[in-house]
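Protein chains in written order, with the numbering used here: chain X, 6 to 262; chain E, 249 to 604.
Ideal placement from N, C-alpha and C gives every residue a C-beta, glycine not left out.
First the structure, in the form of structure tokens, and then the observations on it.
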């Protein structure tokens, strides 16, 4: 029994090292003075803010439709349900540059939808809206799937009892289902936000400018080499880690309450 | 008060077959049947959770078949109580009142008497996870009762409790029924519970209601073998007509008196339902009180609390006859009623019922 546990632990640990080592090495090798200098650079600072903001918009807007969809997927049976689930999972499977091109074909000016938005004053090529769109497309499965798991974990009888107590389906959703699935929705949103922040492929196709942090890192790596790309990368990783830990802690606290 | 007309519900592979049932105001009806027989589906259909494919549901003369649960005015308490885990006890109880638009203060006032009646005042600020099973059940009852439902639906409300709490809460349910006067439909697979609580009993199996009557009547005159089994009748004896006599594995039985008023087809087998208390060890009544008298071997004795269960074997490898003795009776008779010994046994005619 003991050797069984040791082997499993050992194998698992290799994977943890595989993920953690490059990040730790990069952070440890960074010179704090250089990092401070990089953060003070307006271009870097602005691109990081843009990245965080665009991903946040993507997450918030997708939550408005994604949470109700997750609830429907968790609670109702309907023809074509697995097709819908498959469509939602699709962005995880396809290459993100290809996703960017696909988005360009619908939201670019050559297609009706793109033209319609452009008439309303919203363009998606080379704009912040385009960045949010690309981020939303590739990261929405994280939100929907996590929220769906959250709703699935609620005993349907709680909702049934609430209905017999005179609550309308809306009230049941707002007062019972949503508060109970809140933690899963929040952690799905964190995942979606984090995934949006790190998106490169789809974003670069729709909007090379204004530059998001991953695009900036790529540009610096291509134009000036590793030495110049690294500090920006470290800053982005650190920011992501901080967000990640703060929100994780928040959602854990929610659970305790 | 509640009437179900030919309700058909299909859920995946499961089907409720043309269920008809009625409950009068103030009645305590227990729906008894084995697990997986569709009792909960029926309850949830009455509550409006599942929509019947056919049939009608009437509450107080109003057709509610198409109405959503929130418009039916029924309360439900599930086996594991389904208390809202994110709300404290007070918020749980107030949930329904608040849904009607009542203010917090008003709802607190409305629930006051009920909280006192159920003795849960000290629990109001606690979360469901901090309550014992019995306390959770009282809170779930309060949450349903505070809405003054026309009908309270109880889905195996006692089966998740230990024996002591179960006994206590059984009395509690009886008290609630008596003092609040609410009409109750209670489903269970526990015969003892059903007999203790029911004004009337409906026996259910495989999605159908087999018999619906007062508990004594179901017990005395089960209308089928399935009902007799669910009602806990210990012995079901098959009797075959042979040359004008009825023959069972025990031999010839005298059931002519019992069959006098029944129309039996010639040659048809019947089933004699014999409750355990109809089997006498060392029979001492006049000869014509018994439909059968003879000697059986004690195959097994089992001590269950104050009772001793006896399995008496006919000796020819056939069926058994089962009965119980009180502990006191058994102690008097024990030298004669040991395992492996032959004992004289009589089956009384009184209380016997024949199932065609």
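Strictly by DSSP, which residues pair up with residue i?
i              : result
residue 434(E) : 278(E), 402(E)
residue 538(E) : 596(E)
residue 302(E) : 256(E)
residue 496(E) : 499(E)
residue 262(E) : 259(E)
residue 311(E) : 306(E)
residue 526(E) : Paired residue(s): none; residue 526(E) is not in a bridge.
residue 367(E) : In DSSP, residue 367(E) forms no bridge with anything.
residue 559(E) : 548(E), 570(E)
Once you ignore the five residues that flank residue i on each side, which residues in its own chain have a CB closer than 7 Å to its CB?
i              : result
residue 164(X) : 177, 181, 182
residue 95(X)  : none
residue 194(X) : 64, 68, 148
residue 214(X) : 131
residue 186(X) : 152, 155, 156, 159
residue 192(X) : 151, 256
residue 473(E) : 484, 519, 603
residue 506(E) : 597, 600, 602
residue 226(X) : 234
residue 40(X)  : 236, 239, 240
Can you name, in chain order, every residue of its own chain whose Cβ lies under 6 Å from the Cβ of residue i, other than the five neighbours on each side?
i              : result
residue 201(X) : 60, 63, 140, 144
residue 432(E) : 276, 400, 425
residue 403(E) : 288, 291, 326, 327, 435
residue 443(E) : 463
residue 49(X)  : 43, 237
residue 56(X)  : 202, 217, 218
Determine the chain X residues that contact residue i at a beta-carbon separation under 8 Å, and present them in chain order.
i              : result
residue 313(E) : In chain order: nothing, as chain X lies at least about 16 Å away.
residue 292(E) : 165
residue 395(E) : 170, 171
Check whether chain X comes within 9 Å of residue i, counting only Cβ atoms and requiring the distance to be less than that.
i              : result
residue 404(E) : no
residue 344(E) : yes
residue 326(E) : yes
residue 474(E) : no
residue 605(E) : Residue 605(E) is absent from the model: chain E starts at 249 and stops at 604.
residue 391(E) : yes
residue 401(E) : yes
Can you tell me whether residue i is buried or exposed? The criterion is at least 16 other CB atoms within 10 Å of its CB, across all chains shown.
i              : result
residue 282(E) : exposed
residue 368(E) : buried
residue 470(E) : buried
residue 287(E) : buried
residue 554(E) : exposed
residue 98(X)  : exposed
residue 24(X)  : exposed
residue 29(X)  : exposed
residue 395(E) : buried
residue 52(X)  : buried
residue 26(X)  : exposed
residue 348(E) : exposed
residue 47(X)  : exposed
residue 523(E) : buried
Which residues of chain X have a Cβ atom closer than 7 Å to the Cβ of residue i, listed in chain order?
i              : result
residue 322(E) : 169
residue 297(E) : 165
residue 334(E) : 184, 185
Measuring only between beta-carbons, confirm whether residue i sits less than 9 Å from chain E.
i              : result
residue 232(X) : no
residue 255(X) : no
residue 86(X)  : no
Kindly list, in the order they appear in chain E, the residues whose Cβ is closer than 7 Å to that of residue i.
i              : result
residue 176(X) : 347
residue 181(X) : 332
Which residues of chain B have a Cβ atom closer than 7 Å to the Cβ of residue i, listed in chain order?
i              : result
residue 162(X) : Among the chains of the structure shown, chain B does not appear; the protein chains present are X and E.
Can you pull the chain X residues whose beta carbon is under 9 Å from the beta carbon of residue i, in chain order?
i              : result
residue 316(E) : 168, 173, 174
residue 374(E) : Residues of chain X passing the Cβ test: none, with the nearest at roughly 14 Å.
Report all residues from its chain with a CB closer than 8 Å to the CB of residue i; omit the five preceding and five following residues, and keep chain order.
i              : result
residue 589(E) : 545, 546
residue 209(E) : For residue 209(E) there is no data in the structure shown, the boundaries of chain E being 249 and 604.
residue 585(E) : 529, 546, 549, 558, 573, 578, 591
residue 142(X) : 96, 104, 108, 207
residue 259(E) : 289, 298
residue 397(E) : 321, 322, 323, 430
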